[in-house]
Structures are given as C-alpha cells and as structure tokens.
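J.: Okay, so the sequence shown: first residue is 9 according to our numbering, each after it adds one. We put the beta carbon where it would ideally sit given N, CA and C, even for glycine. Starting off with a structure, shown below.
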Amino acid sequence: MAGLLGEPLLLAWCRQVTRLEGQLRGGPVPSANGEAVAGPRLYFRLLGEFAVRRGEEMLAVHTWPRRKAAAILQYLALQPHWRVPRDKLVELFWGEEAGANALHVTLHTLRRALNAGLETAPAYLTLHQGNIGLQPELVAGSDLQQFRACIQAARVHWGEDRQQALECCRQARSLYGGELLAGVAEEIWLTPLREGIHQMYLEALARLAAAATDRGGAAGSLALWLEILELDPGNEEALEQAMDLLARTGRKNRALECYQHYARYLATTLGVEPAPELQKLYQQLKQTGGGELDGPQDDQIGRAAPRRRRRQ
Numbered sequence: 009m010a011g012l013l014g015e016p017l018l019l020a021w022c023r024q025v026t027r028l029e030g031q032l033r034g035g036p037v038p039s040a041n042g043e044a045v046a047g048p049r050l051y052f053r054l055l056g057e058f059a060v061r062r063g064e065e066m067l068a069v070h071t072w073p074r075r076k077a078a079a080i081l082q083y084l085a086l087q088p089h090w091r092v093p094r095d096k097l098v099e100l101f102w103g104e105e106a107g108a109n110a111l112h113v114t115l116h117t118l119r120r121a122l123n124a125g126l127e128t129a130p131a132y133l134t135l136h137q138g139n140i141g142l143q144p145e146l147v148a149g150s151d152l153q154q155f156r157a158c159i160q161a162a163r164v165h166w167g168e169d170r171q172q173a174l175e176c177c178r179q180a181r182s183l184y185g186g187e188l189l190a191g192v193a194e195e196i197w198l199t200p201l202r203e204g205i206h207q208m209y210l211e212a213l214a215r216l217a218a219a220a221t222d223r224g225g226a227a228g229s230l231a232l233w234l235e236i237l238e239l240d241p242g243n244e245e246a247l248e249q250a251m252d253l254l255a256r257t258g259r260k261n262r263a264l265e266c267y268q269h270y271a272r273y274l275a276t277t278l279g280v281e282p283a284p285e286l287q288k289l290y291q292q293l294k295q296t297g298g299g300e301l302d303g304p305q306d307d308q309i310g311r312a313a314p315r316r317r318r319r320q
C-alpha cells in the first residue's frame, strides 16, 4: 500500500468507501493457491458498536452463546492480515494451561455462528502453521481499514494537494461511527488501539477545522473546534480557536464557559493551569462585557500547562 499512497488511485479508492457494501454478495473468488473459495464475504464495523455483515445479512453477534467467540472475532478483525498465532489468543483471552481447550471450544462456536443459516459452510476460520485467522478471500474489509487508509492519504496529500487531503479527511469523518469497539470493556490489547484511532479522528477534525477557519467559514469551523474540545477537553488549539470565533460572533459568555471547562479539566486531571496567553485572552473577554463567570479555584491549579505544537 505504501507505494500507492501518493497516487490518485488511493484517493479514488477512498471515495468509493461508501459503495463497498454493494460488493459483499458472495461468489467464487480465487484463493491464494488459485482454488475457488465460495461464500458471502464478511465486512466488519469496528468504529462504534461492533457489527458483522455476511454478504447482505447482518449477523446477530449479541446472541452468540459464548462472549469470547465475538471477542476473538473482533481481535482477528483488527489484525492487518486477519490472523494471529494460536498461543497469542490463549494468552490474551485465558492465560492458563486450560486455555487451549477453551479456545478449541470457542472457535467451534464461532465457526457455527459464522455459518449459521447457510446451506454450505464456507471456511471462514483457518488454522495454518500455528496461526488462527480469517480466510482473506472471504473478508471484504472493515470500516477501520478504510478509515486508516483515508487518514494516511490525507497526510501524504496535505503538503501538495490540500483539496485532495481534505476530501480524504471528510471521508474519514464519515466512516468514524464512534470509539473503536464502543461498549467493549477496556482490554490490555484494545486500549492503545482505541487511543490511536481516537487521535487519528482528532487529526482529521483539526485539518478540516483549520481549513474552514482559513476560508472564513466561522459557523462550520466553530462546530468542528467545539467537537474537538468535546472529544479532547485538554486541546489548547481547539480552545483558543473556539474562544476567538465565539467572541467574534458575539457569544463571549459561551467563550468564557469553554475556557472554564478547559481550566477545570486541566486542574482535575493534570494539576496545571491554562497557558498565560489563554489566561490573558480570558481576562480580556471578561473585561469587555463577556460576563462574570467563576474562574478555577487557585488551590486546584498548579504550574502552567505546556502549549501544544500546532499542526503544520
């Protein structure tokens, strides 16, 4: 994929992400060894609530008898090549000697669930040289896979073709249905992935917001900066931009409220106070009739928060 990232081909692919669902209907496709593999393909929704589409049918994952069957499928769907060493699954989901047998039973449950209602049973799960995985020819992809590709394309195009980069950001935003595997409990393997995707989404929003600000689109850019603040309450750039736009559109009280929320967040989570430039802006707004709001208490504030480097 790296060789394609700078080419129009990838951008065109990103534009087709919303049409992918129409390509899921099953049919013979060539496997790695040239043999035909028949069966409806699987498509995974990983951003937001987990869902699996088999061809044109949504599978009722929440009704599966073993919770870990769905968890293993989620883990496999997150892997770059849809496979993982068998011992790794045992370690992650059971961590005991008896885990090998438990994995065997769980995989049996998963196979039955993936094939439920089909006249023939496609080999969705494979075991090869100690690796358990999904048959690549029977996987159409995932929203996460497409989201990542759009973010990467936006990074590549940003310096040379800003409009293409922004189009990729818009596609990434349309794909983002929420937190990675929303509703799934925090797991040691999930937490860093979840945070990484969260940061990618904030990156796309920041690029779109900055572009809208440069074009003078106050309403659109303000909504984006406020969305960033909601997702990342400690984002200094988003706060500064939102305060400025709110003040210029006659909503100084709202600007002061945003500052107060930001200051409380820094005080309670990091024990620091806003940067001096933001404190100065806050005082200026108060003095020009913005409204008198209670500021953060001095005993909650420590040293000044370091400023974040702005996106280039």
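Pull the bridge partners of ARG382 from the DSSP assignment, please.
T.: The chain is shown only over 9 to 320; residue 382 falls outside these bounds and no answer can be derived.
J.: Kindly provide the ranges of any beta strand (DSSP E) runs that are 3 or more residues long and lie completely inside the region 91-174, ordered along the chain.
T.: Counting whole runs of 3 or more residues, the region 91-174 contains the beta strand (DSSP E) stretches 91-93, 133-136, 139-142 and 147-150.
J.: Can you give me the Cβ contacts of MET330 inside the same chain, cut-off strictly under 6 Å, excluding the 5 residues immediately before and after it?
T.: Any question about residue 330 goes unanswered here, given that the chain covers just 9 to 320.
J.: Please look up how many angstroms separate the CB atoms of LEU55 and GLY186, rounded, as I've assumed it's under 8 Å.
T.: Confirmed, about 6 Å.
J.: Over the uninterrupted alpha helix (DSSP H) stretch that includes ARG215, give me the two end residues.
T.: From DSSP, the alpha helix (DSSP H) with ARG215 extends over 199-222.
J.: Throw me the rounded Cβ distance for the VAL147 and TRP197 pair, which I believe falls under 8 Å.
T.: VAL147 to TRP197, Cβ: 20 Å. No contact.
J.: Give the DSSP-derived three-state secondary structure of LEU188 in the structure shown.
T.: In this structure, LEU188 counts as strand in the three-state DSSP scheme.
J.: What does the alpha-carbon distance come out to for the pair GLN287 and ASP240?
T.: Looking at the two C-alpha atoms, the distance is approximately 19 Å.
J.: Please go through the same chain and pick out, in chain order, the residues whose beta-carbon is closer than 8 Å to the beta-carbon of ASN139, but skip the five residues on each side of it.
T.: So the list reads ARG91, VAL92, PRO93 and ARG94, once near-sequence residues are dropped.
J.: What's the call for ARG75, buried or exposed, on a 16-neighbour Cβ count within 10 Å?
T.: ARG75 is exposed by the Cβ-count criterion.
J.: With burial defined as no fewer than 16 other Cβ atoms inside 10 Å of the residue's Cβ, what is the status of ASP151: buried or exposed?
T.: When all chains shown are included, ASP151 counts as buried.
J.: Taking the beta carbon of ARG262 as the centre, do at least 16 other beta carbons fall within 10 Å, making it buried, or is it exposed?
T.: By the 10 Å Cβ count, ARG262 comes out buried.
J.: In whole angstroms, give me the CA-to-CA distance for GLN82 and ALA271.
T.: Taking the straight line from one Cα to the other gives about 38 Å.
J.: Ignore the nearest five residues each way along the sequence and tell me which others in GLU235's own chain have a CB closer than 7 Å to its CB.
T.: Hits under 7 Å: LEU213.
J.: Can you look up GLN87 in the DSSP assignment and give me helix, strand or coil?
T.: Correct three-state label for GLN87: coil.
J.: How many angstroms separate the CA atom of ARG256 from the CA atom of GLN171?
T.: So the alpha carbons of these two residues sit roughly 27 Å apart.
J.: How big is the Cα-Cα spacing for LEU216 and LEU189?
T.: Each residue's alpha carbon lies about 25 Å from the other.
J.: GLY141 to ARG181, Cα distance in whole Å?
T.: Those two C-alpha atoms are separated by around 29 Å.
J.: Measure the C-alpha to C-alpha separation of LEU86 and ILE80 and round it to an integer number of angstroms.
T.: Using only the alpha carbons, I get a separation of about 10 Å.
J.: I believe GLN290 touches LEU254 by the beta-carbon criterion, under 8 Å. Please report the beta-carbon distance rounded to the nearest angstrom.
T.: The sequence as given places Tyr at residue 290; Gln does not occur at that position. At roughly 12 Å, the Cβ-Cβ gap does not stay under 8 Å, so TYR290 and LEU254 are not in contact.
J.: Going by DSSP in three states, GLU194 sits in which element: helix, strand or coil?
T.: Coil, per DSSP.
J.: Please report the distance separating the alpha-carbon of GLN292 from that of ARG178.
T.: The straight-line gap from Cα to Cα measures roughly 35 Å.
J.: Please report whether the beta-carbon of MET66 lies at a distance below 9 Å from any beta-carbon of chain C.
T.: Looking at the structure shown, chain C is missing, and only one protein chain is on hand.
J.: Helix or strand or just coil, what does DSSP make of THR257?
T.: In this structure, THR257 counts as coil in the three-state DSSP scheme.
J.: Following the continuous alpha helix (DSSP H) through ALA227, name the residue where it begins and the one where it ends.
T.: Looking at the DSSP string, the run of the alpha helix (DSSP H) that includes ALA227 is 226-239.
J.: For a quick check, are the C-beta atoms of TYR267 and GLY242 less than 9 Å apart?
T.: Not a contact, by the Cβ cut-off of 9 Å.
J.: For ARG75, does the three-state DSSP call read helix, strand or coil?
T.: Of the three classes helix, strand and coil, the one that applies to ARG75 here is helix, per DSSP.
J.: Smallest Cα separation from ARG223: which of GLU195, LEU174 and GLY279?
T.: Closest option to ARG223, Cα to Cα, is LEU174.
J.: DSSP three-state call for ALA263: helix, strand or coil?
T.: Helix, per DSSP.
J.: Starting from the C-beta of TYR209, find all residues in its chain whose C-beta is less than 6 Å away, skip the five residues before and the five after it, and write them out in chain order.
T.: Cβ within range, chain order: TYR184.
J.: Pull up the distance between the alpha-carbon of GLY225 and that of ALA246, whole angstroms please.
T.: Straight-line Cα distance between these residues: approximately 15 Å.
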